[in-house]
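For the sequence shown, this note's numbering assigns the number 100 to the initial residue and increments by one for each residue that follows.
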Amino acid sequence: MAFFTRAFAPVLVLALASATLAQVRAPARPASATAAAPDAGVKVDPTPWLYKGSDLAHDPAWVFGTLPNGLRYAVRKNGVPPGQVSIRVRIDAGSLYEKDSERGYAHFIEHLSFRGSEYVPDGEAKRVWQRFGATFGSDSNASTTPTQTLYKLDLPSATDQTVDESLKILSGMMAAPALTDAAVSAERPIVLAERREQPGPQVKLQDAMNRLFFAGQPLAERSPIGTVETLDAANGASIKAFHDRWYRPERAVVIISGDMDPATLGQMVTRHFAGWKGNGPNPADPDFGRPDPKQPTSATLVEPGLPPLVMMGVMRPWQYNDDTKIFNQKRMVDTIAAKVISRRLERRARAGASFVQAGVDLDDRSRSANMTSVLILPVGDQWEQALKDVRAVIADAQNSAPTQAEIDREYADYEVAIRNSVETARVEASAKQADDMAGALDIRETVTAPENSYAILTEAKQKGMFNPAAVLASSKKLFQGDATRALVNTRTAEKGTAEKLAAALKADVSTLTIKRASQAAVDFTKLPALGAAGTVASREPLVGLPAEKVVFANGVRMLVFANPDDTGRVFVRVRFGRGYNSLPANRPSPAWAGDLALMESGIGNLGQDDLDQLTAGRQLGLDFGIDEDTFSIAALSSPKDYADELTLIAAKLAHPRWDPAPVARAKSAALTAIPGYDSSADGVLSRDLEGLLHAGDPRWATPDAKAVDALTPKAFEAFWAPLLASGPIEVDVFGDVKADEAIAAVAKSLGAIPARTQPTTAAPPVRFPAHVATPVLRYHKGPDNQASAVIAWPTGAGVADIAEARRLDVLAQVFSDRLFERMRQAAGASYSPGVASNWPKGLPGGGRLMAVSQVAPANVDLFFRLSREIAADLAKTPIGADELARVKGPLQQVYARAATSSLFWLRELSGGAYDDRRLEATRRIGRDFGDVTPDVLQATAAKYLVPAKDWTLAVLPRKGK
């Protein structure tokens, strides 16, 4: 790592380093190195098992092994982030391996394995890994899919002891989890709560899609969460029967990527997993079936919580293919064909078609089918016409070849994505590498080094595989299969919907006129001219921080962090104006449409299609955001492209175009979403919560249909034009750049635009709602067993007392852990309650500490009671040293890991070019967290968790809906 990263990371962690070091070097139980050493005669087969049947070049960083019991491992060294070790244990069994009476068991075992196992008592694994610095839920977790169960652990500041102990615990979780009647009965309410809290509309859509597209196959009825009936019937013996059948070493792979010697990692895996033996013979994989052309071709769904949409699938049997070079190259041609069609659909949607959005994708689904999928979001309720229009575009793609220019356009974006993975390989995180390996195993493919993937692509290009005839052939192949099926969702039940869908799916679309749009060549000379390059008025290093501050003659300010460790990545962020502080607080505004239409409206004489052509094959983008005290345009660019990125942003600010089509599209998207908000408790929260927490301030209110419908392109321009043209500008360039070159690039772009007028009015106040004696009530039209509850206390804002914000971060995590345990212990009252502190640095007020949970309606009062009991206890009694350490350790590790990336410094320092207090706040992160003691935390709780100031909200099912 380069000097800056290692030199400045201690700014964050010094105050906590010694305490955390003691935690990770002294695990709760003795390390297993002496207690569980296997027979020295264990022979490990080092054959790279992953590449059997493949001619792809091996990634030499991965070291492979197969133990005598059949367990395989893949380990590698990777120091991103420094000190972290990422462990994955993959079991080749998911919900498709269940019998009808076992539905949900694969996922149930995932829960029970974390609950207790051979080497840890009930509930202790979480605490052990917290002491090691891991955050439960993000660093330690698991997931169950139809085809696998994956256990995940990311250990920060890993040592031989913590990795060895963790592998010992994981080996016990795999071989000997506590599968007793008592454990099953204790965990069952939590699993049922998770099932209840799944987002209803999305689950209904997924289930309906699976029932139709995979009709006659197990996947049609094999959601990993299971059914209430099978979960209620589960007991220790039935769960153990599933475990003994499928949890066995021959079906397990241990994957580790991290900052440790691969040989040592392999020895640890061998030590703890070599003694695992399966029960009975290894069963054959179940038959996942194949698409049945005799099954229905269409189905309807009535789900008000989702917009009207059509999903179409062309189904083909899934079959295993050796992961060879030619197999990948042919799939690349298929991908380009899908991208060409999707581009045409996007262009039509932008121009004002019968659909807001449509796209084509190619995928292997759960080893059950190879599938071409089409997703269509119609304008309003025009789903019939939208389906016909999309089918007409697809038919046109099948009837005549694309131009070479179209192919080259899509190839350029595809090529830059793969090339970027080569250029940024040095900074690829260990967690991603471990996840990618697990994902490859799940779909029966391999992984190879990024440069090898790039070579496969470029060789296909050199062989001329990306030509009009080949792409035409792929376009035809994409829409050929054993069955073509379509599902439509409508908000209300309409007579004849099924018949209309079947007719639209078969309708002759040859008479629909398809005019392929042509795209002229566009380069940066077509952008409006900027002024002469600006001059630097001042330049100074930021003391104690890895960045410099630059001021240009036109008033633009810049922060630059030249970080060669972030190989191939440049984070660009341009802050302008005042964000929420400049929006009207006394009336609704078109601010809601900014994210949907502002960047899409074009630059100068160039529309969005022109800009797409301009940026083809480049790492350029315009990601717009409204933040507390600024608007922003950002992009993740590259050393070769960031100078042009700055030019693009400068042109957008200085010469915006006001194309009306994006406004119309934004209105269609918003109007489509509005009717679905009240169909679930989550939907009501997403619509109403921020407005309520800001005491009705229209800046945070979701617009209603009347306000959306009233917006005109002229009104949109009148609102946004002055905001683009005024207010301070800060340019942040962080990453793989040379400071002098970055400063010169800003001088030629943002430094070259005219000086801007500065705001003179004070920011409007931000209010927190008054205390309520009884909860504010909102209602939803979704399932009767779903409700949401919120309790919040007002805190503070700004950067003057940022140490208080960090104390509240620790308090919120302690509160969250306690609420999590209390709600789960209360008969599984909630699966995922959470507590978070929000301290807005850029606003004059509006901070809060908030707890929120999905619960059954009958448990709303329980949630409020437990939350208030926890708050009162935190305010009355100092917490124990171990509990505080288990919270501060993972928090410290989050910052320590993040501090090795440019993105962390960008997030912390952004805004500091105008406000030195933000720079000082960054310098003192480690000190502020280190100063949190049990007494300090108690005082913080007593100050803010005041019963007379709390505010509550309940979202309940509407009766008689």
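Where is the CB? At the ideal position from N, CA and C, for every residue including glycine.
Please read these numbers as outputs of a predicted model, since none were measured by experiment.
- For G933, the uninterrupted beta strand (DSSP E) segment begins and ends at 933 to 937.
- Scanning its chain for C-beta atoms nearer than 8 Å, with the 5 sequence neighbours on each side dropped, one finds around D808 the residues K766, L770, in chain order.
- Cβ-Cβ separation between K837 and V898: approximately 31 Å, too far for a contact (criterion under 8 Å).
- Residues of the same chain with a CB within less than 7 Å of the CB of L961, apart from the 5 flanking positions on each side, are A925, A928 in chain order.
- Segment contact: the stretch 495 to 510 against the stretch 140 to 159, fewer than three CB-CB distances shorter than 8 Å; contact not assigned.
- Residue environment analysis places S465 among the buried positions, since at least 16 neighbouring C-beta atoms fall within 10 angstroms of its C-beta.
- Cβ atoms of D831 and L658 come within 8 Å of each other, at about 5 Å.
- Counted as a single uninterrupted DSSP element, the beta strand (DSSP E) harbouring R187 occupies residues 184 to 190.
- A straight line joining the alpha-carbon of Q561 with that of L444 spans about 29 Å.
- Counting C-beta pairs closer than 8 Å gives fewer than three between the stretch 699 to 716 and the stretch 724 to 736, which falls short of the contact rule.
- The beta carbon of T666 sits closer than 7 Å to the beta carbons of E522, T523, R525, V526, D835 from its chain, once the five residues preceding and following it are set aside; these are given in chain order.
- Taking a 10 Å sphere around the C-beta of F623, we find fewer than 16 other C-beta atoms and assign the residue as exposed.
- In this structure, the beta-carbon distance from P868 to A794 falls below 7 Å.
- Only residues of its own chain outside the window of five on either side were considered, and among them R175 have a CB closer than 6 Å to the CB of A160, listed in chain order.
- Only residues of its own chain outside the window of five on either side were considered, and among them P390, P392, M414 have a CB closer than 6 Å to the CB of A582, listed in chain order.
- By alpha-carbon distance to A904, the top candidate from R668, S200, R1017 is R1017.
- Listed in chain order, the beta strand (DSSP E) elements of length 3 or more contained wholly in the stretch 367 to 405 are 397 to 401.
- In the DSSP annotation of this structure, the continuous segment of the beta strand (DSSP E) that includes K176 starts and ends at 171 to 176.
- DSSP links V832 through a beta bridge to V659, V671.
- Listed in chain order, the alpha helix (DSSP H) runs fully inside the stretch 824 to 891 are 838 to 847, counting runs of at least 4 residues.
- Rounded to whole angstroms, A336 and L278 show a C-alpha spacing of 8 Å.
- Setting aside the 5 residues that flank it on each side, P276 is surrounded in the same chain by L211, S212, S216, each with a C-beta closer than 6 Å to its C-beta; the list follows chain order.
- Annotation: the continuous beta strand (DSSP E) that includes N469 extends over 468 to 477.
- By the criterion of a C-beta distance shorter than 8 Å, R656 is surrounded in its chain by K648, V649, V650, P827, I828, E829, V830, A1012, Y1013, once the five residues flanking it on both sides are discounted.
- The residue among S574, L942, G678, R490 with its C-alpha nearest the C-alpha of P501 is S574.
- When the alpha-carbon of K1058 is set against those of R906, K880, A569, A851, the nearest one is in K880.
- With respect to the 7 Å criterion, G203 and I289 are not classified as neighbours on the basis of their beta carbons.
- Secondary-structure assignment with DSSP links D253 through a beta bridge to S185.
- The residue among L907, Q707, P989, L461 with its C-alpha nearest the C-alpha of Q579 is L461.
- With 16 or more neighbouring CB atoms inside 10 Å of its own CB, Q707 falls in the buried class.
- CA-CA distance, G1025 to Q991, rounds to 8 Å.
- One alpha carbon belongs to S265, the other to N662, and they sit about 33 Å apart.
- The beta carbons of R615 and V352 sit no closer together than 7 Å.
- As computed with DSSP, T589 is found in a beta bridge with V401.
- Between K1048 and W892, the gap from beta carbon to beta carbon is short of 7 Å.
- In this chain, the beta strand (DSSP E) harbouring F723 covers 722 to 725.
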